[in-house]
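The block underneath contains the structure these notes are about, expressed in structure tokens.
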Amino acid sequence: MGLITVIDHSGEYADIVGTLSASRPDAEIHPVPNAEGLGFGEGAPYVVVVAPSTPPSVGLDVARAAEAADSHTSVVIVARSVDTELMRSAMKAGVSDVVAASDPAADVARAITDAYDQAQTRHESAMRGQAQAAPASRGYVVTVFSTKGGVGKSVLATNLGTALAKCLSLKTALVDLDLQFGDCGIMLGLVPQRTITDVAASIERLDEDLLRGHMTHHDSGLDVLLAPVRPEDAETVTTGRISRILELLREMYDVVVIDTAATLDEVVLTALDRSDDVYAMTMMDVASIKNMRISVQKLAQLGYANGLVHVVLNRADSKVWLQPHEVERAVGSEIFARIPSDRVVPRSVNKGTPVVIDEPKSDVARAILGIAKSVAASVGEESAHVS
Ligand SMILES: Nc1ncnc2c1ncn2[C@@H]1O[C@H](COP(=O)(O)OP(=O)(O)OP(=O)(O)O)[C@@H](O)[C@H]1O
Ligand SMILES: [Mg+2]
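In terms of my numbering, the sequence shown opens at residue 185 and continues consecutively.
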């Protein structure tokens, strides 16, 4: 059973929260007039909901205190009005979600239930950690990102995953979080029998065995959690469920590579929140560069530290008028790696065999192996810190 504490002077919002969180029948609603006396120990609430009658700043303070105490508690602010300033402060303070009281009830409900699921995962993994009396191993999470389509995200994600598993012998999972149009399976020549949709549907029973049984194994050694087969199934894969899946995968694998859709929505933010490295992909045309500049700025505004985001220039030798140094200036960030343009890529995509296996001596494969080696070096550093 998990507690949802509702901070509300008026005392009326608790009933609303009760209705909105009805899909979590084990949740108990506990109304309080203010944040005084809130504790963040083992019995701390899963979610603190800050009602519209309470100033949002109370929620920011609660989130900071929860984070300082390394608590599982998630905070959801339901505000009378939401502006960019509030969103930014909330992100920085570690608030799970901010919604407006006037938002559709389904959105407010989803914010609360996602926050609940995230806290439950944290609580359970803290309990497991204590039971094992040893720090849980923590895999390295890498997300491939771009708000522009067709820039080569899935080509990099599939080849990076394959290179890490096959060439660098790391226990690697690839998660296709392009929930509507994911094509990692096609690029790897895999037939989807079980996908992330099936894991999301069994979230109440989620454990390592269940998750392992839903991964599709590639000959390279890479385990893939495939995207839903039907785009409409994407809806069932909520961010709360994604968080739980990613947390568990990170305990099971040395590296988790995440492919994303061409957007900066909540699903992508959920992946970014858990990432140790983000590879932001761009090509050299003006539209892609403009898009990347805006994305890099947006990521910085959202509080993602500079060192986290690495710009990867794909099709770096395309015959267009921009030079790589001009790209760096335009994007406002150094280029971390360059992948050349080569016919071997579309050929390998059509064959369903990654370039790093199909054409391992090509410049494209070498460039991707270089990125994989830098991930492997970071994985080595992480595990050195843990042991
Ligand atoms: N370095 C390259 N050289 C030649 N062709 C490439 C290269 N990188 C990608 N491509 C081509 O571009 C196409 C699009 O790549 P990919 O599907 O990886 O992009 P994406 O960013 O994942 O797109 P979406 O956002 O639609 O998922 C691929 O099918 C591939 O043929
Ligand atoms: Mg893609």
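Each residue gets a CB set at the ideal place from its N, CA and C atoms; glycine is no exception. Given the structure is predicted, the values throughout are model-derived calculations rather than measurements.
- Kindly indicate the opening and closing residues of the beta strand (DSSP E) around R522. Here the question's residue 522 lines up with position 338 in the sequence shown. Where R522 is concerned, the enclosing beta strand (DSSP E) stretches over I519 to I523.
- Task: Please confirm whether T297 and G424 have their CB atoms less than 8 Å apart.
- Result: Looking up residue 297 in the sequence shown gives position 113. Looking up residue 424 in the sequence shown gives position 240. Result yes, Cβ atoms of T297 and G424 sit closer than 8 Å.
- Task: Taking I442 as part of the beta strand (DSSP E), name the residues at either end of that continuous run.
- Result: For this step, residue 442 is matched to residue 258 along the sequence shown. Run containing I442: V439 to T444, per the beta strand (DSSP E) assignment.
- Query: Can the beta-carbon of L374 be found less than 8 Å from the beta-carbon of I552?
  - Reply: Taking the first residue of the sequence shown as position 1, residue 374 is located at position 190. Taking the first residue of the sequence shown as position 1, residue 552 is located at position 368. Taking 8 Å as the Cβ cut-off, L374 and I552 do not qualify as a contacting pair.
- Item | Exposure label - I380; buried when at least 16 CB within 10 Å | As a position in the sequence shown, residue 380 is number 196, starting the count at 1. Under this definition I380 is a buried residue.
- Nearest to D443 (by Cα), restricted to the options L358, S309, I555 and E196: Stepping through the sequence shown from its first residue, residue 443 is reached at position 259. It is L358.
- Extent of the continuous alpha helix (DSSP H) to which H214 belongs: Mapped onto the sequence shown, residue 214 falls at position 30. In the DSSP assignment, H214 falls outside any alpha helix (DSSP H) and lies within the beta strand (DSSP E) extending over A211 to V216.
- Message: Given this structure, state the Cα-to-Cα distance separating G323 from A556, to the nearest angstrom.
- Response: Translated into positions along the sequence shown, residue 323 becomes position 139. Translated into positions along the sequence shown, residue 556 becomes position 372. Going from the Cα of G323 to the Cα of A556 covers about 15 Å.
- Three-way DSSP call (helix, strand, coil) for Y197 in this model: If you number the sequence shown from 1, residue 197 lands on position 13. In the structure shown, Y197 sits in a helix (DSSP, three-state: H, G or I).
- Message: Considering Cα atoms alone, identify which of F224, R522 and I426 is closest to V457.
- Response: On the sequence shown, residue 457 is found 273 positions in, with the first residue counted as 1. Here residue 457 is Asp; the residue named in the question, Val, does not match the sequence. The shortest Cα separation from D457 among F224, R522 and I426 belongs to I426.
- In whole angstroms, what separates the C-alpha of K332 from that of G202? Position 148 of the sequence shown, counted from the first residue, corresponds to residue 332. Position 18 of the sequence shown, counted from the first residue, corresponds to residue 202. Roughly 40 Å between the two C-alpha positions.
- Query: Based on the DSSP output, what are the partners of Y230 in its beta bridges?
  - Reply: Counting from 1 along the sequence shown, the entry for residue 230 is found at position 46. According to DSSP, Y230 bridges with nothing at all.
- Tell me, please, which residues DSSP counts as bridged to S463. Counting from 1 along the sequence shown, the entry for residue 463 is found at position 279. The amino acid occupying residue 463 in the given sequence is Tyr; Ser does not appear at that position. For Y463, which the question treats as bridged, DSSP gives the partners V328 and H494.
- Item | Member of D287, V259 and S286 whose CA lies at the smallest distance from the CA of K276 | Walking along the sequence shown from the start, residue 276 turns up at place 92. Residue V259 is the option with its Cα nearest to K276.
- Query: Helix, strand or coil: which one does DSSP assign to A253?
  - Reply: Looking up residue 253 in the sequence shown gives position 69. A253: coil per DSSP, three-state reduction.
- Query: In whole angstroms, what separates the C-alpha of A263 from that of A284?
  - Reply: Walking along the sequence shown from the start, residue 263 turns up at place 79. Walking along the sequence shown from the start, residue 284 turns up at place 100. The alpha-carbon atoms of A263 and A284 are separated by roughly 5 Å.
- Of the residues D542, L354, P236 and G554, the one placed nearest V496, counting alpha carbons only: As a first step, residue 496 must be located in the sequence shown, where it is residue number 312. Residue G554 is the option with its Cα nearest to V496.
- Item | Within 8 Å, strictly: CB atoms of V339 and V511 | Against the sequence shown, residue 339 aligns to sequence position 155. Against the sequence shown, residue 511 aligns to sequence position 327. Not in contact: V339 and V511 (Cβ atoms no closer than 8 Å).
- Task: Using only the heavy atoms of ligand 2, determine whether one of them is closer than 7 Å to the beta carbon of R337.
- Result: Walking along the sequence shown from the start, residue 337 turns up at place 153. According to the sequence provided, residue 337 is Lys. The question's Arg does not apply to it. It does: the Cβ of K337 is within 7 Å (strictly closer) of some heavy atom of ligand 2.
- Message: Among T400, R389, T327 and T454, whose alpha-carbon lies nearest the alpha-carbon of V279?
- Response: Sequence index remark: in the sequence shown, residue 279 carries index 95 (1-based). Of T400, R389, T327 and T454, the residue nearest in Cα terms is T454.
- Item | Exposure label - P412; buried when at least 16 CB within 10 Å | Here residue 412 refers to the residue found at position 228 of the sequence shown. Result: buried.
- For R306, count neighbouring Cβ atoms within 10 angstroms of its own Cβ and tell me buried if that reaches 16, exposed if not. Taking the sequence shown and counting its residues from 1, one reaches residue 306 at position 122. It counts as buried.
- Element boundaries [beta strand (DSSP E), containing D367]: Here residue 367 refers to the residue found at position 183 when the sequence shown is read from its first residue. Secondary structure note for D367: it is in no beta strand (DSSP E), with a DSSP letter that is neither H nor E.
- Item | Member of V325, E226 and V246 whose CA lies at the smallest distance from the CA of M311 | For the purposes of this step, residue 311 is taken as the residue at position 127 of the sequence shown. Here the closest residue by C-alpha is E226.
- Item | S330 versus Q485: straight-line alpha-carbon distance, rounded | Counting from one through the sequence shown, the residue named residue 330 turns up at place 146. Counting from one through the sequence shown, the residue named residue 485 turns up at place 301. S330 and Q485: Cα-Cα distance of roughly 16 Å.
- Item | Contained alpha helix (DSSP H) runs [length at least 4] in the segment 370-455, N- to C-terminal order | 380-385, 392-397 and 423-436
- Item | Three-way DSSP call (helix, strand, coil) for T346 in this model | Reading the sequence shown from its first residue, position 162 is the one you call residue 346. Reduced to three states, the DSSP call for T346 is helix.
- Task: Excluding the 5 residues preceding and the 5 following L354 in the sequence, name in chain order all residues of the same chain whose CB lies nearer than 7 Å to its CB.
- Result: The residue you call residue 354 lines up with position 170 of the sequence shown. L348, D438, V439, A560 and V563, listed in sequence order.
- Query: From the DSSP output, which residues share a beta bridge with V283?
  - Reply: On the sequence shown, position 99 is the one that residue 283 refers to. Bridge partners of V283: V262.
- Task: Name the residue from E220, E251 and G195 whose alpha carbon lies nearest to the alpha carbon of P236.
- Result: Numbered from 1 along the sequence shown, position 52 holds the residue referred to as residue 236. It is G195.
- Message: With a threshold of 7 Å (Cβ to nearest heavy atom), would A198 be considered close to ligand 1?
- Response: Your numbering for residue 198 matches position 14 in the sequence shown. No.
- Message: Closest to C351 by C-alpha separation, out of S386, I370 and S404, would be which residue?
- Response: Along the sequence shown, one-based indexing puts residue 351 at 167. When only C-alpha atoms are compared, the closest one is S404.
- Item | Coarse secondary structure for D360, derived from DSSP in three states | If you number the sequence shown from 1, residue 360 lands on position 176. Three-state result, D360: strand.
- Item | Three-state class that DSSP yields for L486 in the structure shown | As a position in the sequence shown, residue 486 is number 302, starting the count at 1. Three-state result, L486: coil.
- Query: With a Cβ-Cβ cutoff of 8 Å, do V462 and L433 count as a contact?
  - Reply: Locating residue 462 in the sequence shown gives position 278, counting from the first residue. Locating residue 433 in the sequence shown gives position 249, counting from the first residue. No; because the gap between Cβ atoms is not below 8 Å, this pair is not in contact.
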